[in-house]
Structures are given as structure tokens and as C-alpha cells.
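Chains as they are written, first to last, in our numbering: chain A, 851 to 1149; chain B, 0 to 186. Glycine is no exception: its CB is placed at the ideal position from the N, C-alpha and C atoms. Notes to accompany the following structure.
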Amino acid sequence: MSRRRVAVVVLALLIAGAAAAQDRRGIGGKISKGAKAASAGRTAHQLAKLIAEKFTPEDEYYVGRAVAARLLARYPPSGDAEAVAYLNRVGQTLVLASPKPVTYNGYRFILLDSDEINAFAAPGAFVLLTRGMLRCAADEDELAAILAHELAHLQQQHGRRAIQEKRWKKFLAVAGTGAAASLSGGVLGDLINVLGPMTDDLFVTLATRGYDKELELKADLAAVTLLADAGYDPYALKRVLERMAERLDPKAGGFARTHPKPEQRIKRLRPRLAGAVPVAVPEVRRERFAQALRAALED
Amino acid sequence: MKRRRLLAPAVLAMVLGAMSLSLAADKAGKKTKGGGGKLYTVQVRQHPLLESPFLLAPAVAPVVYGQRVRVLDRRGRDWWLVAPLEDGTRGWIPAAALTSVELVLKASGKQQLKALKKAQKKEMALAGRSFQDEVERRYREKHPDLERGFAFLDQHVEVEPIYQPTAQEIARFRSAGGLSEDPGGGP
């Protein structure tokens, strides 16, 4: 064989090999990536990248529904339609001013009929808050401050950090096989066995253990920015925290256990608020707050 | 004769290689032939394409989760003019509703329906339901204590208008409350 012919054959084989390798990084790549992640050995950064690719907005929404259902099993929902409508208008006003105004199925704000002071952000994106928490707000801007903090948790995807790494590895092993779209009974069972424990992790974090304290403080800082962007008073969060400091029993469970002390949160807010322009809450916002929530605010 | 035997596998390998490269490029969602913009995937359950890059603009047509669209133009970082691959319509949509990742359709849609039809006989009754609906159904069977919560989500939170104020309602609410007409952060 002449050198020229050998060169032609080698070149052709190289092209074919390169093409096959590139194809493996496409659909076929998903299989090997999922399997490798499942068998560990990946850095946190690589794992986070894979999760971002495989854990779809739809997956997140359905996990969030399960978490919300668990919270609703513990705290009965309020049937106060006027209060719920108002809550969702304030919430959506913030959403439209936020960096992530669109989610898989939109944001929902749910009022819980409980005197306990508490609020939750379940992925997907559900914000739930109790009447007890509502009573910590003296006007619309302060209510917006509470909701802005919860929205910050959702938009910064803090919920993902509440899920244990071993759950993610199992999820990637199932999602990465490509069989997840085939609807075979085995894959369904596998996914339920993965998504169920993910829901457990999130529920325990939201209701009992709390996020990492640093994430709470980050959510406060983002909330101040969001309040200002929406036209609300950025100082409203500080006022709510001051009221919480008066009302929260530090020895009690719930919110007092899952969040840093209000005094600590206020201290961290000070540098951020130093450059913020205060907004005087107009009478019209105070009036509609009192009108819409008159029943919900009663003891 | 000997020369032909050598050339045949070489040509075959080159053709196969070129075909694989072409397929791989298409799957990666890069610019496709025809000179159009990049392909993106809708990552929200549904969203209207709008006549102009403004939330209160009239809707042109809806797009749904998993649908592929070609980006034709951009207005800043927040609004993109897109055209679904399936038809000739075009409209504006918030960029946050799209992703560069080609989502595996586990939800409703043509691929899902096709997958359902191929599924085991016992799964056939589920045709038309989304994959995640089925995962949730089985999860709910295992957790009957959560049924009250799921039912509240299904019967109230997901359907009642008080949980889903329209863009027009929010615009009026903002205006009446003396809040900025054009919030800075979102689209």
C-alpha cells in the first residue's frame, strides 16, 4: 500500500473516531455522565453542573408540590379568599420585579391558618406563610419584605442544597440512563424511590432543621434589593425583624429554630441598608393592607 | 482491484464520520443550517408568545414545555423574539422561559405520548397523563396522609384565579399602590 493510500485510510478513520466521540458527548454522553456521577468521584462543581442539566424545572415543580402537600398536612390552609388574593397580588408584584419572574408553573402564595410564626419556600415555586407570620407585618411593605425573603430562597435555589448528595447521585443514575422517558414500571419505581427521600430532606430542612444560616442572611440581602426594585421600602425587612425579635420565643421550635436570631440578621443588613433610599409607605397601601387582611390579622 | 478494496472502507468511514458529526452538531443545539438563530427549549409549562416585548401585550400563540424555538431577535437580556420550529408564528417571550438545554420530555407532548404507547400494557391506561403525574400518583398512593394537602393544591391553588392574578391585575395593583410602573429587575 502506498503512503498516500495509508494516509487516506488513517484520515478517514480519525474523522469517524472523532465524530463518534463527539456523539458520545451528546445523547450517549448522558448515560456515561449519569453512571459516573452515581459512582462518585466527581467534584461538587461537576455534580452541580450535572444536576442543573438533569433536574428539570418540571422535576423541581413536582418535588415542590410534594413538599407543599406535606406542609399543608401539618398546617391547615386558610379559606380567607380576600386575604389570599391580596397575598398573591403583593407576591406577584415582587415576582415581576425579580431576576427570575418565570418558573415552570408560576409562583403561588398560600396562607396557612396557624398562629405559629413561620414561612416556607417550597421549590417549584410555592411560598407558604402562617397567619402568625402575617401578624408580624404592620403594612404592605413589611408583608412584601417577608415574601421577598422567601422568593430569594426560591430564586437562589437554596432548596437544592437541602437535598443530600447521595439523593442527587441516585437521581442522576436514574435520570442519566435515558430510560426515564420510557415509562417502564421499573424506572417509575426508581424515580419514586429517589424523589420521595428528596422531599423528606426538603421538609426536614424547612420545618425542623433550617437552611444554613449563611443562606438565610443571603436571602435577606437579596430581599432588600428586590423590595427596592419593586418600589417598596427596603427598610421594611428591618422593621419586620425588629418585631420578630419582640415576639419570637428563642426557646420555641419552628421559625426560631430554623432561622438565625433577628438581631443577627439586622446586624448583617446594616451595611446593605446604608446605601438604600427609604420609601415612605403611602396611606393607600396601609389602607388596602388593613382592609384585605382584617380577618386574617385578628387574634 | 486491490486499490478499490482499500478505498471502499476509507470512503465509508468518511461518510459515516461526516453523518455523525452532523447529527452531533444538531443535538448540541448550535446554529442549524438555514442560517437561523440558535435553538432553545421552553422550560415552563406554558407561556404565550406576545406581539411585543411587554407583559401586557396581546398574545399571538402559546408555547408549551419542551417545545423547541428558534431565537430571531433579542431586546436586551430579558426579552427574545422566537419562532417555534413547527409553524410560522413568531412572538416575544421572557428569556427566563427558555433554556439552552434540550429537555428530555418526561412530560406531556408528542414524545411522551409516543413513549406511553410503547409502554407496558398496564401503563396504557395512563396515556395522556404526564410522566411526572404518574410518579406523583404512585407517591400519593404510598402517602395517603398527604392527600388533603395534594387535594388542596389541585382544587384551589392550581386553579383558582385568586392564586394567579393576571398581568393586567398586577399592573393596576401596582399603579393603585403608588409602586413603580416599570419594575427594574424582571422583564
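Checklist entry - Is V917(A) near P973(A), with beta carbons less than 8 Å apart? => result The count along the first sequence starts at 1 and reaches residue 917(A) at position 67. The count along the first sequence starts at 1 and reaches residue 973(A) at position 123. The beta carbons of V917(A) and P973(A) sit closer together than 8 Å.
Checklist entry - Since L1108(A) is in the alpha helix (DSSP H), which residue starts that stretch and which ends it? => result For the purposes of this step, residue 1108(A) is taken as the residue at position 258 of the first sequence. One detail in the question is off: residue 1108(A) reads as Thr in this sequence, not Leu. Element bounds for T1108(A): 1105–1108.
Checklist entry - What residues match up with G90(B) in a beta bridge as DSSP calls it? => result The residue you call residue 90(B) lines up with position 91 of the second sequence. Note: G90(B) sits in a beta bridge opposite V81(B).
Checklist entry - Should L961(A) go down as buried or exposed, given a rule of 16 or more other Cβ atoms within 10 Å for buried? => result Along the first sequence, read from residue 1 onward, the residue named residue 961(A) stands at position 111. Buried is the call here.
Next on the checklist: Give me the DSSP bridge partner(s) of V63(B).
Outcome noted: The count along the second sequence starts at 1 and reaches residue 63(B) at position 64. Answer is Q45(B), bridged to V63(B).
Item to check | Contact residues within the segment 942–964 of chain A, judged by C-beta distance below 8 Å to chain B | outcome: The segment 942–964 of chain A vs chain B, Cβ under 8 Å: Q942, T943, V945, L946, A947, S948, P949, K950, P951, V952, T953, Y954, N955, G956, R958, F959, I960.
Next on the checklist: Short of 9 Å Cβ to Cβ, which residues in the segment 1045–1075 of chain A face chain B?
Outcome noted: Cβ contacts with chain B come from L1045, G1046, T1049, T1075.
Item to check | Where the beta strand (DSSP E) through V945(A) begins and ends | outcome: Position 95 of the first sequence, counting from 1, holds the residue named residue 945(A). Looking at the DSSP string, V945(A) is not in any beta strand (DSSP E); the run it does join, the alpha helix (DSSP H), is 931–947.
Checklist entry - Between K1020(A) and the rest of its own chain, which residues show a CB-CB distance below 6 Å, the 5 nearest in sequence each way excluded? => result Position 170 of the first sequence, counting from 1, holds the residue named residue 1020(A). V1044.
Checklist entry - What residues in the segment 147–164 of chain B bring their beta carbon closer than 7 Å to a beta carbon of chain A? => result R147, G148, F149, F151, L152, V156, I161, Y162, Q163, P164
Item to check | Residue from A170(B), L152(B), E168(B), V70(B) whose Cα sits closest to the Cα of T98(B) | outcome: The residue given as residue 98(B) occupies position 99 in the second sequence. The shortest Cα separation from T98(B) among A170(B), L152(B), E168(B), V70(B) belongs to V70(B).
Item to check | Limits of the alpha helix (DSSP H) - the one that A971(A) falls within | outcome: Reading the first sequence from its first residue, position 121 is the one you call residue 971(A). Where A971(A) is concerned, there is no enclosing alpha helix (DSSP H), although the beta strand (DSSP E) it sits in stretches over 969–972.
Checklist entry - Who are the neighbours of P1151(A) on chain B, taking C-beta pairs under 9 Å? => result The first residue shown for chain A is 851 and the last is 1149, placing residue 1151(A) beyond what the model contains.
Item to check | Given 8 Å, three or more beta-carbon pairs between the segment 896–915 of chain A and the segment 936–954 of chain A | outcome: yes
Next on the checklist: Would R924(A) and T1049(A) qualify as a contact pair, given that the criterion is a beta-carbon distance under 8 Å?
Outcome noted: The residue you call residue 924(A) lines up with position 74 of the first sequence. The residue you call residue 1049(A) lines up with position 199 of the first sequence. No.
Checklist entry - Does the beta carbon of A887(A) sit closer than 8 Å to a beta carbon anywhere in chain B? => result The residue given as residue 887(A) occupies position 37 in the first sequence. Its pLDDT being 44, under 50, A887(A) is placed unreliably by the model, and the measurement read from it follows with that caveat. Judged by the 8 Å Cβ criterion, A887(A) is not in contact with chain B.
Item to check | Residues bridged to D72(B) [DSSP beta-bridge criterion] | outcome: Walking along the second sequence from the start, residue 72(B) turns up at place 73. According to DSSP, which records beta bridges pairwise, D72(B) is partnered with L80(B).
Next on the checklist: On the criterion of 16 or more Cβ atoms from any shown chain inside 10 Å, does V62(B) qualify as buried, or is it exposed?
Outcome noted: Residue mapping note: residue 62(B) aligns to position 63 of the second sequence, counting from 1. Per the 10 Å Cβ criterion, buried.
Item to check | Buried or exposed (CB count within 10 angstroms, at least 16 for buried), K32(B) | outcome: Indexing the second sequence from 1 puts residue 32(B) at position 33. Annotation note: pLDDT 40 at K32(B) (below 50); position unreliable, coordinate value reported separately. Classification for K32(B): exposed.
Next on the checklist: Considering only heavy atoms of the ligand NAP, does any lie closer than 7 Å to the CB of L1123(A)?
Outcome noted: This structure lacks the ligand NAP, and indeed carries no ligand of any kind.
Checklist entry - Whose C-alpha, out of V1134(A), M983(A), L978(A), D991(A), is nearest the C-alpha of H1003(A)? => result In the first sequence, residue 1003(A) corresponds to position 153, counting from 1. If we check each option's Cα against that of H1003(A), L978(A) comes out closest.
Checklist entry - How many angstroms separate the CA atom of A841(A) from the CA atom of A898(A)? => result There is simply no residue 841(A) to check, as chain A begins at 851 and stops at 1149 in what is shown.
Next on the checklist: Please classify S948(A) as buried or exposed, where buried requires at least 16 neighbouring CB atoms within 10 angstroms.
Outcome noted: Here residue 948(A) refers to the residue found at position 98 when the first sequence is read from its first residue. That one is buried.
Item to check | Three-state secondary structure assigned by DSSP to I1013(A) | outcome: Here the question's residue 1013(A) lines up with position 163 in the first sequence. Coil.
Checklist entry - Can you pull the DSSP bridge partners for P927(A)? => result Along the first sequence, read from residue 1 onward, the residue named residue 927(A) stands at position 77. L962(A), per the DSSP bridge assignment.
Checklist entry - Which partner residues does T40(B) have in the DSSP bridge list? => result Residue numbering aside, residue 40(B) sits at position 41 when the second sequence is read from its first letter. In the DSSP output, where bridge partners are listed per residue, T40(B) has R67(B), T98(B).
Checklist entry - For D132(B), does the count of other Cβ atoms within 10 angstroms reach 16, so buried, or fall short, so exposed? => result Position 133 of the second sequence, counted from the first residue, corresponds to residue 132(B). D132(B) is exposed by the Cβ-count criterion.
Item to check | Other residues of its chain near G1009(A): CB distance less than 6 Å, five sequence neighbours each side excluded | outcome: In the first sequence, the residue the question calls residue 1009(A) occupies position 159. Taken in chain order, the residues that qualify are P973, L1052.
Checklist entry - Are the Cβ atoms of A82(B) and T88(B) separated by less than 8 Å? => result The sequence position of residue 82(B) within the second sequence is 83, counting from 1. The sequence position of residue 88(B) within the second sequence is 89, counting from 1. Yes, these two residues count as a Cβ contact at 8 Å.
Checklist entry - Where do the ends of the alpha helix (DSSP H) carrying V1134(A) lie? => result Within the first sequence, numbered from 1, the residue matching residue 1134(A) stands at position 284. Counting along the chain, the alpha helix (DSSP H) containing V1134(A) begins and ends at 1133–1142.
Checklist entry - Excluding the five sequence neighbours on either side, which residues of its own chain have a C-beta within less than 6 Å of the C-beta of A975(A), listed in chain order? => result Here residue 975(A) is taken as the residue at index 125 of the first sequence, counted from 1. T953, Y957, L1004.
Item to check | Per-residue DSSP class, three states only, for L1119(A) | outcome: Translated into the one-based positions of the first sequence, residue 1119(A) becomes position 269. Residue state, collapsed to three classes: helix.
Checklist entry - Would you call the segment 162–172 of chain B and the segment 1064–1074 of chain A touching, i.e. three or more CB-CB distances under 8 Å? => result no
Checklist entry - Can you tell me the Cα-Cα spacing of L944(A) and Y1082(A), whole angstroms? => result Within the first sequence, numbered from 1, the residue matching residue 944(A) stands at position 94. Within the first sequence, numbered from 1, the residue matching residue 1082(A) stands at position 232. Spanning the two alpha carbons is a distance of roughly 9 Å.
Next on the checklist: Tell me which residues share the same chain as L1098(A) and place their Cβ nearer than 8 Å to its Cβ, disregarding the 5 neighbours each side in the sequence.
Outcome noted: For the purposes of this step, residue 1098(A) is identified with residue 248 of the first sequence, where counting begins at 1. Excluding residues within five positions, the ones whose Cβ falls inside 8 Å are I967, F1105, A1106, P1112.
Checklist entry - Within the 8 Å Cβ cut-off, does Q197(B) reach chain A? => result Look at the range of chain B in this structure, 0 to 186, and you will see that residue 197(B) is not part of it.
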